[in-house]
Amino acid sequence: MDFYKDFTATKLKRKNIFSFSLTVFLVAGIVVLTSTVSITYGQVGNTKTGVFNHTQTDSSGNITWINSGNWSMTGINSSSPSFTAIIDMAKPNGSAGHEHEISDFELIGSPVIENQTIHLNGISTITMRDGPATNEPTVIALSQEEIDIYFDPENINNHFENQSISGIGN
Numbered sequence: 013m014d015f016y017k018d019f020t021a022t023k024l025k026r027k028n029i030f031s032f033s034l035t036v037f038l039v040a041g042i043v044v045l046t047s048t049v050s051i052t053y054g055q056v057g058n059t060k061t062g063v064f065n066h067t068q069t070d071s072s073g074n075i076t077w078i079n080s081g082n083w084s085m086t087g088i089n090s091s092s093p094s095f096t097a098i099i100d101m102a103k104p105n106g107s108a109g110h111e112h113e114i115s116d117f118e119l120i121g122s123p124v125i126e127n128q129t130i131h132l133n134g135i136s137t138i139t140m141r142d143g144p145a146t147n148e149p150t151v152i153a154l155s156q157e158e159i160d161i162y163f164d165p166e167n168i169n170n171h172f173e174n175q176s177i178s179g180i181g182n
């Protein structure tokens with residue numbers, strides 16, 4: 013009988029040690045993960061990439077264009093960040109598809125950080141049907157998960173309906 017009592021006590025003790033160890037391991041993992049997320053959240057980092065998925069509307073709220081594509085920004089924390097993008101545009105019915113390439117972004121002034129979003133003012137080149145629009149005033153608002161790009165509508169014949177192009181990033 014003492015053997016059985018010792019065996020069950022040892023078995024229970026091992027089970028408790030295993031449960032305690034597992035709990036400590038899980039809590040430690042959660043702490044490390046939370047710390048990593050806390051450190052990186054709100055910091056955009058030096059390189060980001062993402063996609064556009066934006067619906068343009070007219071002044072009545074009717075969908076006029078679907079914008080999609082890819083973008084990339086490097087050197088975000090430098091005095092000369094590089095931004096490139098491809099914006100594919102098509103009518104909601106799939107017609108009139110065409111593409112715009114954004115390149116040669118030059119930062120003007122210093123970035124402004126507001127509510128965990130970096131605002132970069134500068135100029136860029138945008139390919140258009142009649143040739144590239146150079147020195148196009150460009151504003152980029154970049155956060156941890158989102159991007160908005162706004163181009164001065166005057167130089168590009170209001171091509172983006174005086175709206176920013178929105179997307180997501182990683």
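To convert, count from 1 in the sequence shown and add 12; that's our numbering.
In this text, a Cβ means the ideal position worked out from N, Cα and C, and glycines have one as well.
Since the model is a prediction, treat every value here as computed from it, not as a measurement.
The beta strand (DSSP E) runs of length 3 or more contained entirely in the segment 66-100 are, from start to end of the chain, 75-86. Distance between Ile-168 and Pro-144, taken at the CA atoms: about 10 Å. For Gly-179, the enclosing beta strand (DSSP E) has its first and last residue at 177-181. In terms of CA proximity to Asn-105, Thr-67 leads the group Asn-127, Thr-67, Ser-136, Met-85. Around Phe-117, the same chain offers Phe-95, Gly-134, Ser-136 as residues with beta carbons nearer than 6 Å, after the five sequence neighbours per side are excluded. Closest in alpha carbon position to Asn-174, among Phe-64, Gly-57, Trp-77, His-110, is Trp-77.
In the three-state reduction of the DSSP assignment, Ile-120 falls in the coil class. In the DSSP assignment, Thr-137 is bridged to Ser-115.
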